[in-house]
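Note that our numbering gives residue 98 to position 95 of the sequence shown, counting from 1, and the numbers run on in steps of one.
Glycine residues also receive a C-beta, built at the ideal position from the N, C-alpha and C atoms.
Since the model is a prediction, treat every value here as computed from it, not as a measurement.
Read through the structure below, which is laid out as structure tokens, and then see the notes.
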Amino acid sequence: MKRFVISGYYGFTNTGDEAILAAIIQHIREIEPDADFLVISADPASTRKDHGVRAVARNDLPSIVRELARADLLISGGGGLLQDATSSRSIPYYLGIVLLAKVLGVKVFFYAQGVGPVRGLIGRCLVRFVGNIVDSITVRDEASCRLLRELGVKRPRVTVVADPVFGLAVPQSSLQPRRTGEVFENQGNTRLYPAGRPAAPVIGIAVRRWKSFTQYQEAIIEFAHELYKGICAQFLFIPFHYPGDLELSREMARRIREVSNGANIKIIEEYQGPEAVLSVVRKVDVLVGMRFHSLVFAALVGTPFVAISYDQKVDAFLSLLGEEKAGDVENINKMCLVDKTMEALARRAEKGHVLAEKARVLGMKARDAARLALELTGRP
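Shown next, in the form of structure tokens:
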């Protein structure tokens, strides 16, 4: 039985990162069914409950040392761990775990990492030093590979795979034919229209706060007002990180109601986990998304999306799929959002099919990371 310790942004009620963890466990167990996992988590109890694996707290150093000492491999990742855009503490923490593993003689595997931006001198030096002593590196896009080389990581060879979530098993409930308005019924909402009249399209919205930018919030509020006036659109806010995204979603929903009296707006008020959120994303007609994994979820279940970019990882993702963004957080405007959304609605079935097929191909590529990780443990 192979023993794996997994280090990442887990236990923070972040739907995208929890989906990454679920996918890593799934992909390794497809090859090694008896694999044993220990996850370093901010909420070990939730991680044990949600993923059926062992877990220890992020700050429980004695337990981390004990588990690393008996592990066959440390998996660092996936997701955007090696960046200093959200916190200057991220790189030192995650690479500190890596250094601890190396001191204990444990092999280290970078699992589908999204690297960058890395602007601080300390962060750049740490990535260069630690990157050159790990045993194997996989990244989720070409931009991450280029950045590692620019930072001076010369060995081991860097392999480009795909985000693990592309290979996540989609629940059967997410594959059923879509029925417009159904998602609102599931959220306990009364239908807007009398029986026999077609329901208005449901637009999913997945937002996050980003630095001091607020322009994108105003643009989305104005966009929602235009779509409500024009096609009586309904809106469902889908937070991907609690409580931050939830607070912003409530604030924006209130603003939309103020300018669009009568608009039908709902919010997913409680964290529900990746499987439930995939089902919700499948049932909206178009997703307007900032969150990276909201866009991955949409592609995975064949829901057309309109992307607002706040980070290089979103741009890299869109390039991978051959899609264009509606704009960036600092310059997005309502008409770009309206035009992109109306185009997506008009070509919903076609665009959804194309996205799902591209996601299927990337899902096969995502599984390469699990195969490479197991090779490090001596499994043929």
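Buried/exposed call for residue i, threshold 16 Cβ in 10 Å
i           : result
residue 70  : buried
residue 343 : buried
residue 214 : exposed
residue 267 : buried
residue 264 : exposed
residue 61  : buried
residue 144 : buried
residue 28  : buried
residue 134 : buried
residue 21  : buried
DSSP-derived helix/strand/coil call for residue i
i           : result
residue 200 : In this predicted model, residue 200 has a pLDDT of only 38, less than 50, meaning its place in the structure is not dependable; the value taken from the coordinates is given anyway. Three-state DSSP puts residue 200 in coil, outside helix and strand.
residue 192 : At residue 192, the pLDDT of 42 sits below 50, so the modelled position is not reliable and the matter cannot be decided from this model.
residue 115 : strand
residue 90  : coil
residue 18  : helix
residue 53  : helix
residue 104 : helix
residue 180 : Annotation note: pLDDT 48 at residue 180 (below 50); position unreliable, no value reported.
residue 31  : helix
residue 48  : helix
residue 161 : strand
residue 150 : helix
residue 289 : strand
residue 43  : strand
Beta-carbon gap between residue i and residue j smaller than 8 Å
i           : j           : result
residue 298 : residue 223 : no
residue 237 : residue 205 : yes
residue 15  : residue 76  : no
residue 87  : residue 126 : yes
residue 356 : residue 19  : no
residue 161 : residue 136 : no
Endpoints, beta strand (DSSP E) assigned at residue i
i           : result
residue 80  : 76-82
residue 369 : Residue 369 -> not in any beta strand (DSSP E); alpha helix (DSSP H) instead, spanning 351-379.
residue 8   : 6-10
Host alpha helix (DSSP H) of residue i (start-end)
i           : result
residue 211 : Run containing residue 211: none; DSSP gives neither H nor E here.
residue 67  : 64-72
residue 284 : 277-286
Any chain B beta carbon closer than 8 Å to residue i
i          : result
residue 23 : The structure shown has no chain B; it contains just one protein chain.
Any alpha helix (DSSP H) of 4 or more consecutive residues that is wholly inside the region 238-275
247-262
Where are the alpha helix (DSSP H) runs, 4 residues long or more, that stay fully inside the region 292-358, in chain order?
295-304, 315-324 and 337-349
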